[in-house]
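Let me begin by presenting the structure, written as structure tokens, before commenting on it.
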Amino acid sequence: MPQKPKKNKIRIKINDKKITDYMFDFTRTIIFVFAIISVAFTFIIRDANVVGNSMLDTLHSDDKIFITNFMYEPKCGDIVAINAENQIEKRIIKRVIAVEGQTLVVDYSKNAVYVDGIKIDEPYVSSLTREPSNPLQIPYVIPEGYIFVMGDNRIISLDSRDKSIGLVSVDDVIGKAQFIFFPLDRFKYLY
Numbered sequence: 001m002p003q004k005p006k007k008n009k010i011r012i013k014i015n016d017k018k019i020t021d022y023m024f025d026f027t028r029t030i031i032f033v034f035a036i037i038s039v040a041f042t043f044i045i046r047d048a049n050v051v052g053n054s055m056l057d058t059l060h061s062d063d064k065i066f067i068t069n070f071m072y073e074p075k076c077g078d079i080v081a082i083n084a085e086n087q088i089e090k091r092i093i094k095r096v097i098a099v100e101g102q103t104l105v106v107d108y109s110k111n112a113v114y115v116d117g118i119k120i121d122e123p124y125v126s127s128l129t130r131e132p133s134n135p136l137q138i139p140y141v142i143p144e145g146y147i148f149v150m151g152d153n154r155i156i157s158l159d160s161r162d163k164s165i166g167l168v169s170v171d172d173v174i175g176k177a178q179f180i181f182f183p184l185d186r187f188k189y190l191y
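Right, here's the structure in full:
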């Protein structure tokens, strides 16, 4: 009787060592990525929630923004997050109007702000600039290590014009607001 031909059986041998190495490399990569993201969100990028209407129309209450603080130095016109917990027990978001060494005059009768003798163009301001009920005696020259900040909605904004906030130490600046990331219909870069 003729013999049946032998069927060649294909055998796949799984190398357990290669799978273990692959899983170890994959896990190590995931941990590395999470470490980089954690460092970025701790030292470079932060998020903040806008509370209140003092920055209307630029920022609305409940906007979520990203803030960067890596090697940041405040500049005029920047929107910054400030740790005002020593003054009013919360963090605030305002616009930098003047930095150390600059001269500053707020003329309430003309609804104008002068920095270094020049009236600054402020298309972002959404209301009249009113004098607060507890006004700060604004120094003519902003001292070293301090900035002067104001909200865009100046009729209600609690900012450097008021003694309760006053001049802001640059050490209390958390970082610069870069863009709104939520709600998505308000996503935009802040300049």
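All letters in the sequence shown, in the order written, are residues 1 to 191 by full-length UniProt numbering. Even glycine gets a Cβ: it sits at the ideal position worked out from N, Cα and C.
Counting along the chain, I79 sits inside the beta strand (DSSP E) bounded by residues I79 to N83. Of the candidates K94, A84 and F24, the residue whose Cα lies closest to the Cα of D78 is K94. Taking the C-beta atoms as reference points, N53 is found nearer than 8 Å to N153. One alpha carbon belongs to F32, the other to Y140, and they sit about 51 Å apart.
By a beta-carbon distance limit of 8 Å, V115 does not contact I138. Their separation comes to about 12 Å.
Of the candidates G151, A48, T103 and P143, G151 places its Cα closest to the Cα of Y124.
Your pair F182 and K188 does not check out as a contact, with CB atoms roughly 11 Å apart and the cut at 8 Å. For Q137, no beta strand (DSSP E) encloses it, and the DSSP letter there is neither H nor E.
Within the same chain, A48, A81, I82, N83, A84, E85 and I174 come within 8 Å of R91 by CB-CB distance, once the 5 residues on both sides are set aside. Taken through DSSP and simplified to helix, strand or coil, L184 comes out as helix.
The three-state reading of DSSP puts M150 in strand, counting E and B together. Residue burial annotation: T29 is exposed, with fewer than 16 other C-beta atoms found within 10 angstroms of its C-beta.
When the alpha-carbon of M71 is set against those of E122, F43 and S61, the nearest one is in F43.
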